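Visitor:
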Amino acid sequence: MLAQIVVTTARPTAFNRSKMTANPSTAAALTPAFPDATLPGAAIVPGGARSRDEWFLTNGLGGFASGTAGGVPERRYHGWFIPAMSPPVGRMTAVQACAEWIVVREAAKGSQPGKVVRHDLSSFRYATGMLSPSGANSLVSFRKSATSAAWTYDFAGMRVTRELFLTRHRNAASVRYSVSGEVPANAILEVRPLLAMRDFHDLVTQQATQRYEASTSGASLRVVTKGLSLTIMPVQREANFARDDEWWANFFYVREQERGQDATENLFSPGVFILPLRQSSGTATQLFELQMFAGEPSPAIFETTALQRAEEKRLQDLAIAAESRVKHADAKTRQAIAVLAAATDQFVVRRAANAMDSTGVPALTSIIAGYPWFSDWGRDTCISLPGLLLSTGRFAEALASLRAFANLRRRGLIPNCFDNGSGTPEYNTVDASLWFIVACCRYLEASGDRDGFNTHLRQACLDIVDAYRTGTDFGIRMDERDGLIIAGNATTQLTWMDAKRDGVVFTPRFGKPVEIAALWYAGLMMLETAMEKENPKTARELAQLASKTAKGFEQFWDAKRSCLFDCLIAGAGNAKESNMSWIGSVEMRPNQLFAVCLPHSPLSREQQRGVVSACERDLLTPFGLRTLAQGSLKYRPRFEGPLFDRDAAYHNGTVWPWLLGPFCEAYARVNDFSEEAKQRVRAMLMPLIDETLADAKSARPGVVLPVRQVAEVYDADDGATQRRPDGCMAQAWSAAELLRVLQMVS
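Going from the sequence shown to the numbering used here is simple: count from 1 and add 780.
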């Protein structure tokens, strides 16, 4: 058995650290700045074309903030401060938002008391349909930078900007208010926190004040509930806090209603922060900052500006590293690379905040699959790793991530995902372990880190090969007759097409799925290459096994359609008696692309061209590939409605942007990476890049977009509206594959 071969080397190969960073001379000439997304007031006031666009900020621990460009929350997952209490899971919506206003008491006129004027900043939608307060009507701009989200309001010449920032690797947030222009006398800024203090999947429906233990110390507020302690404190000494318990009821989240979920919530507010404002005019700016902390008994105020500048520098360095890996980059490509470098960074997290290896790198680096609701997934991590980490030279973190999953392997399986509450790993996947082998070999190729590969990854890869050969959980095993992998049964969903709800498996692909065979073959060949110099005997075994698999792979070829069957399904006979027959599924799906796009293919060049041609004809769209061809009985053209309907459509037509990666690489491979092929691939990527870079003028009308991110899925076809992005509005492998392939062809 391969797992019994504990490989050793007399002298580890030195880590090629020259590959870890961009060439200094090149980096000095490359200084791409993150292009802020700035949307004008006309686009983001209620009813504006971009008012519902979604933004995300993240903290590198799994915590995040999210909302809309217009400032009106539309999901249970929207909130200003959603820390991860067991990084990167255990996420709690602490502060949903704040209600804010500037109160001006005008001077008395004779015996008449001065009138009180209130200028609202915030707005919320209620179950009655009412939008209140009216702050959104006074918006003049929304700006999403690499590190913050900011809204600017104008009240007759008085300008107020609210800026939200999350600290990196700490469950802390800052909300800063800048007031300038014509500030009248007797003006005060009031900020009322609206607290949920709940699991981020839940909603608060009862007005149970006893759930919240609130206390004050000077101007600081502390609120404790089950599983979460929250401290909010002002930075300015002249601010104070007025205790005043209130319940704000019947907030309405329209995106939850669209998903067939409960959509109303009640929020608790223990009082108001108050800051007196000075009368001023011109360019003078007055600042008021609230800082929020979760799980810290005695938090210390941090210097927001310094932290933000450090983050901007770090992200700029990532963009420089990403651009240094391309040969030709025009202005638009540079802009896209800078945006995607920052976008991919949002998914990189620590599994344990205090776990560090000897180099000071987080020992348990991981990848969040998507925001707002996914945790870290093994499959998504391994698919995303080349685009998220290798493409920006983050080799130490790539190794840390792969080590983390290697250390959590069980019977040859790496975790599929982790429970959001307990963090317990779940292993129900057949492809994650094979993607792990591919990712490990790509790490070795990109970094040159032979020592890291040999010490931390090699044996895990061999364990996986051995477990798949002899059999492991979920019926995963190699068929000794043809070298192909068998997995699952009618009740399981072990491939990436894994939608299941209410006991219904929507895409049953048990048997021998085509991408599993392709990954198995490519993984064996890549592992053979990685080991041939130091362990030729093991390398020969791997090559022989791959040769057997390549021969068995011939069963997938459908000569009538000049493409591959999606899955081989058990027919007559008995597997135990080795006389099982296998029938090819003729569903036209994109999984066959992995037999072409990976570094090693079991197909002839003519067959590879047939696969690419069929997928281009039947599956390619401007924003990704359909998961099932039009005309199929299961085909669902729109990803919409309640969760059951969405799951039914999830892999039965719905377009996935990440599949542009394998398609474009396959297209380039069968065309020998010619300049003409690269130019065609760049053209294929442009619609998705344009969505990612969209401003108020270029965005498609009536379509809600993620701001400077790439969504999980798109509708397969236009309907009453154009194809819309949906699912997680920020998806790791969508952004990662877009960046990886853009580098590949630039």
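We put the CB at the ideal spot given by N, CA and C, even for glycine. Because the structure is a prediction, the values reported are computed rather than measured.
Kindly list the residues whose CB is nearer than 7 Å to the CB of Cys-1377, restricted to its own chain and excluding five residues on each side of it in sequence; keep chain order.
Guide: Counting from 1 along the sequence shown, the entry for residue 1377 is found at position 597. The answer, listed in chain order, is Pro-1442, Glu-1445, Ala-1446, Arg-1449.
Visitor: Leaving out five residues on either side along the sequence, give the residues of the same chain with a beta carbon under 8 Å from the beta carbon of Asn-1046.
Guide: Along the sequence shown, read from residue 1 onward, the residue named residue 1046 stands at position 266. Hits under 8 Å: Val-984, Thr-985, Gln-986, Gln-987, Trp-1027, Trp-1028, Ala-1029, Asn-1030, Phe-1031.
Visitor: I'd like to know if the region 1273-1287 and the region 1415-1433 are in contact, where contact means that at least 3 CB-CB pairs between them fall below 8 Å.
Guide: In short, these stretches touch, since the Cβ pair count reaches three.
Visitor: Taking Thr-1407 and Phe-1419 to be in contact with their CB atoms under 8 Å, please state how far apart those CB atoms are, rounded to whole angstroms.
Guide: Translated into positions along the sequence shown, residue 1407 becomes position 627. Translated into positions along the sequence shown, residue 1419 becomes position 639. Actually they are not in contact, since the Cβ atoms of Thr-1407 and Phe-1419 sit about 10 Å apart, beyond 8 Å.
Visitor: Spatial neighbours of Trp-835 within its chain, please: C-beta separation below 7 Å, excluding the five flanking residues on both sides.
Guide: As a working mapping, residue 835 is identified with position 55 in the sequence shown. So the qualifying residues of the chain are Ser-846, Gly-847, Ala-849, Lys-924, Ala-929, Val-1487.
Visitor: Tell me, to the nearest whole angstrom, how far the beta carbon of Ala-936 is from that of Pro-826; I am working on the premise that it is less than 8 Å.
Guide: Here residue 936 refers to the residue found at position 156 of the sequence shown. Here residue 826 refers to the residue found at position 46 of the sequence shown. At roughly 20 Å, the Cβ-Cβ gap does not stay under 8 Å, so Ala-936 and Pro-826 are not in contact.
Visitor: If you compare alpha carbons, which of Val-920, His-899, Ser-921 is closest to Ser-1527?
Guide: Only positions 781 to 1526 of the chain appear in this structure, which leaves residue 1527 out of reach.
Visitor: Using a threshold of 8 Å, state whether the C-beta atoms of Ser-1155 and Pro-1382 are closer than that.
Guide: Position 375 of the sequence shown, counting from 1, holds the residue named residue 1155. Position 602 of the sequence shown, counting from 1, holds the residue named residue 1382. Contact: no.
Visitor: Can you tell me whether Ile-1100 is buried or exposed, with buried defined as 16 or more other CB within 10 angstroms of its CB?
Guide: The residue given as residue 1100 occupies position 320 in the sequence shown. By the 10 Å Cβ count, Ile-1100 comes out buried.
Visitor: Inspect the beta-carbon positions of Thr-947 and Leu-1087 and report whether they are closer than 8 Å.
Guide: Taking the sequence shown and counting its residues from 1, one reaches residue 947 at position 167. Taking the sequence shown and counting its residues from 1, one reaches residue 1087 at position 307. Yes; because the gap between Cβ atoms is below 8 Å, this pair is in contact.
Visitor: Can you tell me whether Ser-1213 is buried or exposed, with buried defined as 16 or more other CB within 10 angstroms of its CB?
Guide: Residue 1213 sits at position 433 when you count from the first residue of the sequence shown. By the neighbour-count rule (16 or more Cβ atoms within 10 Å), Ser-1213 is buried.
Visitor: Hey, how far is the Cα of Ser-1454 from the Cα of Leu-1144?
Guide: Working through the sequence shown from its first residue, we reach residue 1454 at position 674. Working through the sequence shown from its first residue, we reach residue 1144 at position 364. Taking the straight line from one Cα to the other gives about 40 Å.
Visitor: Which stretch, first to last residue, makes up the beta strand (DSSP E) that contains Cys-878?
Guide: Working through the sequence shown from its first residue, we reach residue 878 at position 98. 869-885 is the extent of the beta strand (DSSP E) around Cys-878.
Visitor: Please report the distance separating the alpha-carbon of Ser-995 from that of Met-910.
Guide: Taking the sequence shown and counting its residues from 1, the one referred to as residue 995 is at position 215. Taking the sequence shown and counting its residues from 1, the one referred to as residue 910 is at position 130. Approximately 33 Å between the Cα atoms of the pair.
Visitor: Do Ile-1244 and Phe-1290 have their CB atoms nearer than 8 Å?
Guide: Position 464 of the sequence shown holds residue 1244. Position 510 of the sequence shown holds residue 1290. Contact: no.
Visitor: Work out the CA separation of Leu-1465 and Arg-1397 for me, nearest whole Å.
Guide: Here the question's residue 1397 lines up with position 617 in the sequence shown. Here the question's residue 1465 lines up with position 685 in the sequence shown. Cα to Cα, Arg-1397 sits roughly 17 Å from Leu-1465.
Visitor: Within the chosen definition, does the region 948-955 reach the region 855-869 through at least 3 CB pairs nearer than 8 Å?
Guide: Enough Cβ pairs lie closer than 8 Å, so yes.
Visitor: Rounded to a whole number of angstroms, what is the C-alpha to C-alpha distance between Phe-844 and Val-852?
Guide: Here residue 844 refers to the residue found at position 64 when the sequence shown is read from its first residue. Here residue 852 refers to the residue found at position 72 when the sequence shown is read from its first residue. Looking at the two C-alpha atoms, the distance is approximately 17 Å.
Visitor: Quick check: the region 886-896 against the region 1170-1190, are at least 3 beta-carbon pairs closer than 8 Å?
Guide: Result no; under three Cβ-Cβ pairs closer than 8 Å.
Visitor: Use the C-beta contact count for Ser-866: other C-beta atoms within 10 angstroms, 16 or more gives buried, fewer gives exposed.
Guide: Within the sequence shown, numbered from 1, the residue matching residue 866 stands at position 86. So Ser-866 counts as buried.
Visitor: Starting from Gly-1364, trace the alpha helix (DSSP H) in both directions and tell me its first and last residue.
Guide: Taking the sequence shown and counting its residues from 1, the one referred to as residue 1364 is at position 584. Counting along the chain, Gly-1364 falls outside any alpha helix (DSSP H), though it belongs to the beta strand (DSSP E) covering 1362-1364.
Visitor: Who pairs with His-1236 in a beta bridge, going by DSSP?
Guide: Taking the sequence shown and counting its residues from 1, the one referred to as residue 1236 is at position 456. Answer by DSSP bridge pairing: none, since His-1236 is not bridged.
Visitor: Return the chain-ordered ranges of every beta strand (DSSP E) run that is complete within the region 824-852 and spans a minimum of 3 residues.
Guide: Counting only runs of 3 or more, we get 834-838, 844-848.
Visitor: State whether the region 1155-1166 contacts the region 1509-1525, with contact taken as three or more CB pairs (one from each stretch) at a distance under 8 Å.
Guide: The region 1155-1166 is in contact with the region 1509-1525.
Visitor: Would you report the Cα separation of Thr-989 and Arg-1105, rounded to the nearest angstrom?
Guide: Position 209 of the sequence shown, counted from the first residue, corresponds to residue 989. Position 325 of the sequence shown, counted from the first residue, corresponds to residue 1105. The straight-line gap from Cα to Cα measures roughly 55 Å.
Visitor: Following the continuous alpha helix (DSSP H) through Phe-1185, name the residue where it begins and the one where it ends.
Guide: Translated into the one-based positions of the sequence shown, residue 1185 becomes position 405. Run containing Phe-1185: 1175-1187, per the alpha helix (DSSP H) assignment.
Visitor: I'd like to know if the region 1113-1129 and the region 1476-1485 are in contact, where contact means that at least 3 CB-CB pairs between them fall below 8 Å.
Guide: No: fewer than three Cβ pairs fall under 8 Å.
Visitor: Can you tell me where the alpha helix (DSSP H) holding Asp-1427 begins and where it ends?
Guide: Locating residue 1427 in the sequence shown gives position 647, counting from the first residue. Unbroken alpha helix (DSSP H) run through Asp-1427: 1423-1430.
Visitor: In this structure, what does DSSP give as the bridge partners for Gln-1372?
Guide: On the sequence shown, residue 1372 is found 592 positions in, with the first residue counted as 1. Paired residues: none, contrary to the question.
Visitor: What residue range does the alpha helix (DSSP H) around Cys-1508 cover?
Guide: Taking the sequence shown and counting its residues from 1, one reaches residue 1508 at position 728. Cys-1508 -> no alpha helix (DSSP H), and no H or E assigned at all.
Visitor: Give the straight-line distance between the Cα atoms of Thr-838 and Gln-1126, rounded to the nearest whole angstrom.
Guide: By one-based count along the sequence shown, residue 838 stands at place 58. By one-based count along the sequence shown, residue 1126 stands at place 346. Between Thr-838 and Gln-1126, the C-alpha separation is close to 6 Å.
Visitor: I believe Gly-842 touches Ile-1148 by the beta-carbon criterion, under 8 Å. Please report the beta-carbon distance rounded to the nearest angstrom.
Guide: As a position in the sequence shown, residue 842 is number 62, starting the count at 1. As a position in the sequence shown, residue 1148 is number 368, starting the count at 1. Going by Cβ atoms, the distance from Gly-842 to Ile-1148 rounds to 6 Å, so yes, they are a contact pair.
Visitor: Among Arg-1416, Ala-1463, Asn-1432, Pro-1422, which one has its Cα closest to the Cα of Gly-1499?
Guide: Position 719 of the sequence shown, counted from the first residue, corresponds to residue 1499. Nearest C-alpha to Gly-1499: Arg-1416.
Visitor: Which runs of the alpha helix (DSSP H) at least 4 residues long sit entirely within the region 978-1058? Give them in chain order.
Guide: The qualifying runs are 1034-1038.
Visitor: Going by C-alpha distance, which of Asn-1371, Ile-1349, Phe-1082, Ser-891 is nearest Ile-1533?
Guide: For the chain, the structure presents residues 781 to 1526; residue 1533 sits outside this window and is missing.
Visitor: Would you mind stating whether Ala-967 and Val-1052 have Cβ atoms separated by less than 8 Å?
Guide: Stepping through the sequence shown from its first residue, residue 967 is reached at position 187. Stepping through the sequence shown from its first residue, residue 1052 is reached at position 272. Their beta carbons are not under 8 Å apart, which means Ala-967 does not touch Val-1052 by this criterion.
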